[in-house]
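Enquirer:
Numbering (this note's numbering), first residue to last: 23 to 487.
Here it is as structure tokens:
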């Protein structure tokens, strides 16, 4: 048998095998990148924590915090300690906190697509002012459908945008108040879990369609149609982010306005402002590039021009706009629900009667009803003053009852806790009582303070009157 000594035997190859670098945290796939329903960054953080069987606060404190802050103590599990209260509200946006979190998570997971879970691709185009909601918002029907179909529960970036008021899929208002404890909460906290209330851990999904209160009411209003258009337009914009070869520069909006001013008003800025319903002073600042319009203002311009936001921002698409084919829409302000027809007036009355008949607890205010259904409060009072007054009266009755309960609870706690503190040698002052009371705010009620003085006098703590 002939042996070829020149052939290299792989069994004797002493070179160490090459492996792809390993991530410290799971290489968790974000949901919906490149679609209108892409996951938000805060939702991704919460899901990543669940995947590692730890709380969101623990994940951020131990893994993310040290990458963001120097000399950071991993024992501090407060998200505010890392970012600050206002920055927590902006983690899906364009500020430094969002960029730091993206970079830290990409380092830990070895992913390269997490910026698309935020508005960072549009940093130079949109100002941070008014970009994001202060509280978490969600569509109960989306959450319920995902749960029933055994899909991953997450929170889309679209829901975090301040101008998005409705679900473009179910055509119903987004909710921001827990149906169980009625609390509102931040998009990210130490115990965050997508689909569940931050305060009471209640499930936020529901199969109850808000439109069941008054069928076809929402679709019939101009304001609701504007909200649907805005949600769809922004969804398409978000979906385009991964295909952008480079971030759009700050001059994008200025150049777009110059193009449309020339196209629609032959270069007359003031005339263009009147055409789209924007004051001359504002349109001049935007046109010169001194300031950038907020996202809601920019959308309203696009709505008037009847073009998508993507077409407005991209030069190659703007060239396709034919002014002869464009009929300016009334502005959203002009199209807000004014309800001149008896039919719509009847619908509003039917809606308010339904609210009254539900006997909801706690009773909602007229302002809350207006917020839920995206109808101006003045409109409600104009066409159904009697029903609004009934809703308002019920709300204030509830507030008075709540106040009485708070006072009575405070009195009972003062009577019980004051002697206990005194027996322990602790002065039963307002400050010391506040540290052990269930509801320390009750101490500021006159009746509770008077009870405290009476109890302290009976103990010899205060002189008799």
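Don't be surprised by glycine CBs; every beta carbon is placed ideally from N, CA and C.
Just so it is clear, the structure is predicted and the values come from calculations on it, not from any experiment.
Excluding the 5 residues preceding and the 5 following residue 11 in the sequence, name in chain order all residues of the same chain whose CB lies nearer than 8 Å to its CB.
Expert: What is shown of the chain runs 23 to 487, which leaves residue 11 out entirely.
Enquirer: Which runs of the beta strand (DSSP E), 3 residues or longer, sit entirely within the region 171-216?
Expert: With a minimum length of 3 residues, no continuous beta strand (DSSP E) run stays inside the region 171-216.
Enquirer: From the DSSP output, read off the bridge partner residues of residue 154.
Expert: Paired residue(s): 183.
Enquirer: What do you get for residue 41, buried or exposed, if any count of 16 or more other CB atoms within 10 angstroms of its CB means buried?
Expert: Classification for residue 41: exposed.
Enquirer: Let's see if you can read the secondary structure: which residues bound the alpha helix (DSSP H) around residue 88?
Expert: 87-90 is the span of the alpha helix (DSSP H), which, as asked, contains residue 88.
Enquirer: Rounded to a whole number of angstroms, what is the C-alpha to C-alpha distance between residue 283 and residue 68?
Expert: Looking at the two C-alpha atoms, the distance is approximately 45 Å.
Enquirer: Residue 58 and residue 261 look like a contact to me (Cβ under 8 Å); what is the Cβ gap, rounded to whole Å?
Expert: Right, their Cβ atoms sit about 5 Å apart.
Enquirer: Any idea if residue 440 is buried or exposed, counting beta-carbon neighbours within 10 angstroms, 16 or more meaning buried?
Expert: By the 10 Å Cβ count, residue 440 comes out buried.
Enquirer: Ends of the alpha helix (DSSP H) at residue 453?
Expert: Counting along the chain, the alpha helix (DSSP H) containing residue 453 begins and ends at 452-456.
Enquirer: If the criterion is Cβ atoms closer than 9 Å, does the pair residue 228 and residue 162 meet it?
Expert: Result yes, Cβ atoms of residue 228 and residue 162 sit closer than 9 Å.
Enquirer: Do you know how far the Cα of residue 149 is from the Cα of residue 317?
Expert: Their backbone Cα atoms lie some 7 Å apart in a straight line.
Enquirer: Spatial neighbours of residue 48 within its chain, please: CB distance less than 8 Å, with the 5 preceding and 5 following residues excluded, ordered by chain position.
Expert: Once the five neighbours on either side are set aside, the close Cβ partners of residue 48 are 70, 73, 74 and 131.
Enquirer: The alpha helix (DSSP H) with residue 407 in it runs from where to where?
Expert: Here the alpha helix (DSSP H) through residue 407 covers 407-445.
Enquirer: I'd like to know if the region 373-381 and the region 394-412 are in contact, where contact means that at least 3 CB-CB pairs between them fall below 8 Å.
Expert: Yes: the two stretches touch, three or more of their Cβ pairs being nearer than 8 Å.
Enquirer: Going by the CB atoms, is the gap between residue 383 and residue 417 shorter than 9 Å?
Expert: No, the Cβ-Cβ distance between residue 417 and residue 383 is not below 9 Å.
Enquirer: Please classify residue 187 as buried or exposed, where buried requires at least 16 neighbouring CB atoms within 10 angstroms.
Expert: Label assigned to residue 187: buried.
Enquirer: Less than 7 Å between C-beta atoms, sequence neighbours within five positions excluded: which residues of the same chain meet that for residue 335?
Expert: Excluding residues within five positions, the ones whose Cβ falls inside 7 Å are 147, 270, 274 and 278.
Enquirer: DSSP has residue 218 in a bridge; who is on the other side?
Expert: Partner(s): 225.
Enquirer: From residue 388 to residue 280, what distance separates their C-alpha atoms?
Expert: So the alpha carbons of these two residues sit roughly 43 Å apart.
Enquirer: Thinking C-beta only, is residue 155 closer than 9 Å to residue 182?
Expert: Cβ distance < 9 Å, so residue 182 and residue 155 count as in contact.
Enquirer: Relative to the C-alpha of residue 196, which candidate in 396, 411 and 452 has its C-alpha closest?
Expert: For the residues 396, 411 and 452, the minimum Cα distance to residue 196 belongs to 396.
Enquirer: Out of curiosity, what's the CA-to-CA distance linking residue 425 and residue 306?
Expert: Distance between the alpha carbons of residue 425 and residue 306: 51 Å.
Enquirer: Rounded to whole angstroms, what is the Cα-Cα separation between residue 430 and residue 474?
Expert: Each residue's alpha carbon lies about 13 Å from the other.
Enquirer: Would you give the residue range spanned by the alpha helix (DSSP H) that residue 41 belongs to?
Expert: Segment: none, residue 41 is in no alpha helix (DSSP H) and carries neither H nor E.
Enquirer: Check the C-beta distance from residue 413 over to residue 470 and give it rounded, since I have them as a contact under 8 Å.
Expert: With 8 Å as the limit, residue 413 and residue 470 do not qualify as a contact, their Cβ atoms being about 30 Å apart.
Enquirer: For the alpha helix (DSSP H) containing residue 253, name the first residue and the last one.
Expert: Element bounds for residue 253: 244-262.
Enquirer: Grab the span of the alpha helix (DSSP H) containing residue 122 for me, first residue to last.
Expert: Start and end: 118-131.
Enquirer: Leaving out five residues on either side along the sequence, give the residues of the same chain with a beta carbon under 8 Å from the beta carbon of residue 494.
Expert: Residue 494 lies beyond the stretch modelled for the chain, which goes from 23 to 487, so this question has no answer here.
Enquirer: Is residue 212 closer than 9 Å to residue 80 when the C-beta atoms are compared?
Expert: Yes; because the gap between Cβ atoms is below 9 Å, this pair is in contact.
Enquirer: Quick check: residue 178 and residue 65, are their CB atoms within less than 9 Å of each other?
Expert: It is a contact, given that the beta carbons lie within the stated cut-off.
Enquirer: Ends of the alpha helix (DSSP H) at residue 284?
Expert: Per DSSP, residue 284 belongs to the alpha helix (DSSP H) from 273-287.
Enquirer: According to DSSP, what are the bridge partners of residue 5?
Expert: Outside the shown range of the chain (23 to 487) lies residue 5, about which nothing can therefore be said.
Enquirer: Can you tell me whether residue 458 is buried or exposed, with buried defined as 16 or more other CB within 10 angstroms of its CB?
Expert: Result: exposed.
Enquirer: Residue range of the alpha helix (DSSP H) that residue 296 falls in?
Expert: 291-298 is the span of the alpha helix (DSSP H), which, as asked, contains residue 296.
Enquirer: Using alpha carbons as the reference points, say which of 78, 254 and 85 lies closest to residue 185.
Expert: Minimum Cα distance to residue 185 is reached at 254.
Enquirer: According to DSSP, is residue 358 helix, strand or coil?
Expert: Because residue 358 sits at a pLDDT of 44, beneath the cut-off of 50, its placement in the model cannot be relied upon, and the following sentence gives the value as read from the coordinates. Three-state result, residue 358: coil.
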